[in-house]
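For reference, the structure is listed below as structure tokens.
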Amino acid sequence: MPALPLEMVAPLLATGASTRMPNTEPARFKPGDAVIARNIHPVNHTRLPRYVRGKRGTVRADNGTFSFNDTVAHGLGHQPQHVYSVRFSAQELWGPDASPLDSVYIDLFDRYLDPAP
Amino acid sequence: MTSLPTADTAMSHDHDHAHGHDAPLPEVVLRVKALEELLTEKGLVDSAALDAIVDTYEKKIGPRNGAQVVARAWTDPAYKARLLADGSKAIAELGYSGVQGEDMVVVENTASVHNMVVCTLCSCYPWPTLGLPPVWYKSAPYRSRAVIDPRGVLKEFGVDVPADKEVRVWDSNAELRYFVLPERPAGSEGLSEAELIELVTRDSMIGTGLPKPVGAAA
Amino acid sequence: MNGVHDMGGLQGFGPIDREAQEPVFHTDWEKRVFALFFGGFAGGFYNIDMFRAEIERMPGHEYLRSSYYEHWLHAIEALLIQGGAVTHAELQARIAELQAAGRKEPH
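Residue numbers (our numbering), protein chains in the order written: chain H, 17 to 133; chain W, 41 to 258; chain Y, -18 to 88.
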């Protein structure tokens, strides 16, 4: 018996599979906080791209709690945590020749961040 | 595992049957056929279900959904407020929801901000509003350059962003999916929602384009 | 992992090639791969994170020179074999049969 029979297709596609979880975890950061993305280089799956590691940004929003892709990929559990929308200025990422106005916004898990001094 | 074929099969036009010149079937075609046959024989997949999935994304879900959301936001300020506050909920009001759009964030283009969306790590894209992403969105040139040279990318797409306007690039690296609410074209005040839908291009909702100007051919 | 998939900020990939009036799928096999992803997912053989991780494990040069849906096929094959849905030997045998049948087909 296939796990996905014809009649389940429409409901599956319309519902999807959100990874949002109840907000039971404490948020270490809040909008306005200055943060630094950790300089970590996991050999396993991560959603922390190299171009932000070690860079300083500002939390713009707390998107709520989600399961952690890095651990779910390896059967290591959901490890729910807050995901923040963090703004990095173009100059912070790419140096003084970059636009002084532009920015990159990226969603970073609580565990990817340290408070900036 | 046999090695992958070298041709970029996204650009080739191989078919599922040999032509009169006795060309062997491309290896990738055989791999897919073998996989589907075996899984079907083992009762693990149902062909009709697979057909329905293809049909959904080929014919039913596409950028016209997102264009409706945009046109509604342009004409209904209360809807726009709801859309910016809780994207998934407001988009679901119009009947669009589901896979790769479970957690939507709508970002608004304004006189001072131009937004652009990318997934540098893979191809994350808001399927319920835009359908499946185009090849360019999933390819190395866009994924690499969008975050480091967004103005260069926009120029390549024919979008001129004034020097005093902030360009914000949203990297969809987690499970939130981003959707750009473009600025309403000048002179469109008298248009109906149906007419406004025709102005909203797919690229304007990714942020690599602008809506068509009023009076442009459909 | 620090794989080639982590592309933000890389340079030298050239212009962004865009196809006018691009179809949703370019070939029939892409359609089937796309749909098979859901079959495997619903069958519990992988979640999206395992799927992405498997693509990231492709040798870098293969990742760069293969197409998007070839990445999908690579991951789906690997995860279905890992999960015991099919074996590598079964797949190879079927591929060989299909290849032979293709050659024998009258034109």
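Cβ atoms here follow ideal geometry from the backbone N, Cα and C, with glycine treated the same way.
Please read these numbers as outputs of a predicted model, since none were measured by experiment.
Test: residue i CB closer than 8 angstroms to a CB of chain W
i, result
"MET17(H)", "yes"
"ASP118(H)", "yes"
"GLY32(H)", "yes"
"MET(-18)(Y)", "no"
"GLY65(Y)", "no"
"PRO21(H)", "yes"
"LEU60(Y)", "no"
"THR35(H)", "yes"
"ILE52(H)", "no"
"LEU29(H)", "yes"
"VAL25(H)", "yes"
"ASP49(H)", "no"
"ASP126(H)", "no"
Residue i burial status per 10 Å Cβ neighbour count (16 or more: buried)
i, result
"PRO47(H)", "exposed"
"ARG84(Y)", "exposed"
"PRO18(H)", "buried"
"ILE56(H)", "exposed"
"LEU20(H)", "buried"
"ALA74(Y)", "exposed"
"THR96(W)", "buried"
"PRO253(W)", "exposed"
"GLU37(Y)", "buried"
"ALA34(Y)", "buried"
"GLY249(W)", "buried"
"SER152(W)", "exposed"
"GLY227(W)", "exposed"
"GLN63(Y)", "exposed"
Any C-beta of chain H under 8 angstroms from that of residue i
i, result
"ILE114(W)", "The identity of residue 114(W) in the sequence shown is Trp, whereas the question assumes Ile. Not an interface residue."
"ASP(-2)(Y)", "no"
"GLN140(W)", "yes"
"GLY(-7)(Y)", "no"
"ALA214(W)", "yes"
"VAL199(W)", "no"
"GLU206(W)", "yes"
"LEU221(W)", "no"
"GLY(-11)(Y)", "yes"
"PRO251(W)", "no"
"GLY230(W)", "no"
"LEU84(W)", "yes"
Any C-beta of chain Y under 8 angstroms from that of residue i
i, result
"VAL68(W)", "yes"
"ARG264(W)", "No statement about residue 264(W) is possible, as the shown extent of chain W runs from 41 to 258 and does not include it."
"GLU76(W)", "yes"
"PRO117(W)", "no"
"ILE188(W)", "yes"
"GLU26(W)", "Nothing about residue 26(W) can be read from this structure; chain W reaches only from 41 to 258."
"ARG183(W)", "yes"
"TRP176(W)", "yes"
"ALA226(W)", "no"
"ALA180(W)", "yes"
"VAL157(W)", "no"
"ASN60(H)", "yes"
For residue j and residue i, believed in contact at Cβ under 8 angstroms, the rounded distance
i, j, result
"ASP123(H)", "ALA214(W)", "4 angstroms"
"GLY41(Y)", "VAL187(W)", "Not really, about 20 angstroms apart at Cβ, beyond 8 angstroms."
"GLU76(W)", "ARG13(Y)", "6 angstroms"
"ASP113(H)", "ILE52(H)", "That pair is no contact at about 22 angstroms."
"VAL220(W)", "MET245(W)", "5 angstroms"
"PHE19(Y)", "TRP53(Y)", "About 11 angstroms; that fails the 8 angstroms criterion."
"SER137(W)", "ALA30(H)", "6 angstroms"
Pick from the options that is closest to residue i, judged by C-alpha positions
i, options, result
"ASN149(W)", "VAL207(W), VAL187(W) and ASP86(W)", "VAL207(W)"
"SER163(W)", "ALA77(Y), ALA16(Y), GLN63(Y) and SER48(Y)", "SER48(Y)"
"LEU78(W)", "ARG38(Y), PRO40(Y), ARG46(Y) and THR68(Y)", "THR68(Y)"
"TRP176(W)", "PHE(-6)(Y), ASP(-2)(Y), GLY(-10)(Y) and GLN(-8)(Y)", "ASP(-2)(Y)"
"ASN60(H)", "ILE76(Y), ALA70(Y) and ASN(-17)(Y)", "ASN(-17)(Y)"
"ASP143(W)", "SER152(W), ALA151(W), LEU161(W) and LEU124(W)", "LEU124(W)"
"HIS98(H)", "ARG66(H), PRO27(H) and ASN85(H)", "ASN85(H)"
"ALA33(H)", "TRP167(W), LYS82(W) and VAL72(W)", "TRP167(W)"
"ALA132(H)", "PRO42(H), ALA30(H) and VAL75(H)", "VAL75(H)"
"LEU90(W)", "VAL120(H), TYR121(H) and MET24(H)", "MET24(H)"
"PRO96(H)", "VAL120(H), ARG63(H) and ASP126(H)", "ASP126(H)"
"TYR67(H)", "LYS99(W), ALA234(W) and ARG185(W)", "ARG185(W)"
"GLY80(H)", "VAL120(H), LEU22(H) and GLU41(H)", "GLU41(H)"
"VAL5(Y)", "PRO103(W), GLY227(W), ASP211(W) and ARG183(W)", "PRO103(W)"
"LYS145(W)", "GLY111(H), ASP78(H) and ALA26(H)", "Correcting the residue identity first, residue 145(W) is Val in this sequence and not Lys. Nearest of GLY111(H), ASP78(H) and ALA26(H) to VAL145(W), Cα basis: ASP78(H)."
"ALA43(H)", "ASP118(H), SER115(H), SER101(H) and THR87(H)", "SER101(H)"
Cβ of residue i within 8 angstroms of any chain B Cβ
i, result
"ASN55(H)", "Structure shown: chain B not included; protein chains present are H, W and Y."
Query raised in the report: Between the segment 31 to 48 of chain Y and chain H, which residues of the former have a C-beta closer than 8 angstroms to a C-beta of the latter?
Result: MET31, ARG33, ALA34 and GLU37
**Report entry** Contact set between the segment 1 to 24 of chain Y and chain W, restricted to residues whose Cβ is under 7 angstroms from the partner
**Finding:** GLU3, VAL5, PHE6, HIS7, THR8, ASP9, TRP10, LYS12, ARG13, VAL14, PHE15, ALA16, LEU17, PHE19, GLY20 and GLY24
**Report entry** Chain-ordered residues of the segment 160 to 173 of chain W with a beta carbon less than 8 angstroms from chain Y
**Finding:** THR160, LEU161, CYS162, SER163, GLY171 and LEU172
Report task. Please name the residues in the segment 66 to 87 of chain H whose beta-carbon is closer than 7 angstroms to at least one beta-carbon of chain Y, in chain order. Result -> ARG66, TYR67 and ASN85
Query - Residues within the segment 96 to 113 of chain H neighbouring chain Y, beta-carbon criterion of under 8 angstroms - result: Result list: LEU109 and TRP110.
Query raised in the report: Which of the residues in the segment 92 to 105 of chain W, read from start to end, lie with their CB under 7 angstroms from any CB of chain Y?
Result: ILE93, VAL94, TYR97 and GLU98
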